[in-house]
Each structure stands twice: as C-alpha cells, then as structure tokens.
Amino acid sequence: MWHSYRTGTLLLGALSLLAQASGAQVPAGRRELVGFVKDPRGTPVEGAIVEIPGTGTRTSETGLFRLFTREIDTVTLAIRRPGFSPIEALISANGRQWDTVMVEMEQVVTTLPSARVTEERVLRTGLKGFYERKEQAVSGIFVAREEIVARNTLTLSDVLQARRGVALVPIGGSNIKKGVRFATYQGTRGRNCVPDMWVDGQLAKGMEIDDLPANTVEGLELYDTFATVPMQFSHQGGSIPCGTIVVWTRPPDTRKP
Numbered sequence: 000m001w002h003s004y005r006t007g008t009l010l011l012g013a014l015s016l017l018a019q020a021s022g023a024q025v026p027a028g029r030r031e032l033v034g035f036v037k038d039p040r041g042t043p044v045e046g047a048i049v050e051i052p053g054t055g056t057r058t059s060e061t062g063l064f065r066l067f068t069r070e071i072d073t074v075t076l077a078i079r080r081p082g083f084s085p086i087e088a089l090i091s092a093n094g095r096q097w098d099t100v101m102v103e104m105e106q107v108v109t110t111l112p113s114a115r116v117t118e119e120r121v122l123r124t125g126l127k128g129f130y131e132r133k134e135q136a137v138s139g140i141f142v143a144r145e146e147i148v149a150r151n152t153l154t155l156s157d158v159l160q161a162r163r164g165v166a167l168v169p170i171g172g173s174n175i176k177k178g179v180r181f182a183t184y185q186g187t188r189g190r191n192c193v194p195d196m197w198v199d200g201q202l203a204k205g206m207e208i209d210d211l212p213a214n215t216v217e218g219l220e221l222y223d224t225f226a227t228v229p230m231q232f233s234h235q236g237g238s239i240p241c242g243t244i245v246v247w248t249r250p251p252d253t254r255k256p
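To convert, note that position 53 of the sequence shown is 52 in numbering that gives the first Met the number 0; the numbers rise steadily by one, no gaps.
Laid out in structure tokens, this is it:
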C-alpha cells in the first residue's frame, strides 16, 4: 500500500515490501532506512546528499541511499542536489520499522544575468582561462579533471585531502558533507570563516564545495589570500573574503557516465 503526500516539491511514498532492499546486516540497536531518489521522468538522481540528524550519505547511480537510525519512530530527512529543489520532511516508522522511501526531486532552472551568450559558451571560455592560469603557475591551488577522476570519488572534499593550507570541516552536523576553510586566514572572523565560492563565473552565496558532486566538475581553483585572487573573482562586498574557491563544471556534452 502506498502512503504519499507532498511537502513543497516532495513526493514521498512508502512501500513496506522494499524496506530491506539492501539485504545487508543491520547493526544492533539501529534501524535501516532505505530509499530511492528520482527526477520527474523517473531517472535516478545520483550524488544527492541525503541526511538525517547525525549522519548522511549520497545516492548511488541507481538513486539508492541507505542510512541507519536509532530506535526512534520519527526522523527528519533532508535531501539536496544542485539543479533540484531541496527537500526536507518528517517521516514516521511503521510497526517499529522504516518503510522504503520513494522521493521525487523537482528540477529547477537557474537564470543567470543576461550576457547575450549561451551558457555553454560562457563555460568553455571560463575553462580556457582556468587552464591558462594553471599553466602559468598563478599563485593558488589548481585541481584538474584528471586528478578528480584518479581519486574515484563523488565528494570534492576528498580531492583536497592533505592539501597544504586547506582545512576540511564537517557541515550541518554531517560526516559526509565538508566545507573548505583556509588555515592561513588570520582575520577577525575566526577559523570557520566561509570563503567566497564561484561556480562557472557566478558568485554562489552560501554554497559549500560538497554541494557539487565531483563527477560534474572539470576544475578547481583555490586562493587563500585576497592578493592572489584573479580580478574577475574579486569580492564585491564591504569586507575582504577569507579565501576564494572557483569551480568550473564540465561542459554538457562531456558529462557521460
């Protein structure tokens, strides 16, 4: 039997027969929460961040996620993926077990300021600049697609492990999602000061690096001081940023499995 309702863009269903979909052993004193995330066309959504208080995971290529909760009967489930409306819903157990959760994420369209050029042309021009700065050994940390692929991960922060001057901190109470902080920052806003983040030439306020799955990214630029930031990524606010991160996503025609 289906039990479904809507919360914003959420379509949440529960099907008891699928509750043990993973077939793996459940740790003692825990409950398994399994679900699938898809878009309105029924296509699995890979790399979505799925969180409950205290833990989180990412969806697989089939849209599957698997979490373990305490012996509780209600829990808040939060799901995020760039390009889709975020979802947050309170779900309830059925007979001291979690039913399998079926989630439909609604895609959103982000309108960029008019520049009389196509999005793809803007992206390719930006990538050209990225590789030029990398070849010119401009002061900063540069991570190209080849290094991301070699790490074999969907989490961008994994690519930055052990990078000099880069500190990775948990975000939102999750051990999965991390944010970048620059160890060299000495300002008055403290060590947890969030750097500016630019995505394809646009300032992305409030975004952390793990909000973007690694398989969608072509290159990263990290600048720990204001003096090293290229002019086009200069901060426009009233205070100097505590570091700058520039992300270039992959052109649409290269995003193949």
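Yeah, the Cβ is synthetic: ideal placement off N, Cα and C, and Gly gets one too.
*What runs of the beta strand (DSSP E), each 3 residues or longer, lie entirely inside the segment 54–99?*
For secondary structure counted as the beta strand (DSSP E) over 3 or more consecutive residues, the segment 54–99 holds these complete runs in sequence order: 54–57, 63–68, 73–79, 86–91.
*asked:* With a threshold of 6 Å on Cβ separation, who are the neighbours of Arg-79 within its own chain once the five nearest residues in sequence on each side are excluded?
replied: Ile-48, Pro-85
*asked:* When you compare the CB positions of Pro-209 and Trp-247, do they come within less than 9 Å of one another, or not?
replied: Note that residue 209 corresponds to Asp in the displayed sequence, not to Pro. Not closer than 9 Å, so no.
*Using DSSP with H/G/I as helix, E/B as strand and the rest coil, what is Val-228?*
coil
*Do Val-44 and Gly-55 have their CB atoms nearer than 9 Å?*
For Val-44 and Gly-55, no; Cβs fall outside 9 Å.
*State yes or no: is the beta carbon of Pro-229 nearer than 9 Å to at least one beta carbon in chain C?*
Absence of chain C from the displayed structure is noted, only one protein chain being present.
*Which class does Arg-163 belong to by DSSP, given the choice of helix, strand or coil?*
coil
*Which of the three DSSP states, helix, strand or coil, is assigned to Ala-149?*
helix
_Does the segment 122–134 come into contact with the segment 204–220, if we say contact requires no fewer than three beta-carbon pairs (one atom in each stretch) closer than 8 Å?_
yes
*To the nearest angstrom, how far is it from the Cα of Val-102 to the Cα of Ile-90?*
12 Å
*With distances taken from CA atoms, which of Met-196, Phe-35, Pro-52, Asp-157 is nearest Gly-242?*
Met-196
_Just to confirm my understanding: we take Thr-227, look at its own chain, exclude 5 residues before and 5 after, and list those with CB closer than 6 Å. What are they?_
Ser-138, Gly-139
*Could you please give the first and the last residue of the uninterrupted alpha helix (DSSP H) stretch that includes Asp-157?*
155–158
*Who are Phe-141's beta bridge partners in DSSP?*
Beta-bridge partners assigned by DSSP to Phe-141: Glu-220.
_Rounded C-alpha distance that separates Ala-203 from Val-245_ = 10 Å
*Under three-state DSSP, which class holds Pro-178?*
Note on residue identity: the sequence assigns Gly, not Pro, to residue 178. It is a strand residue.
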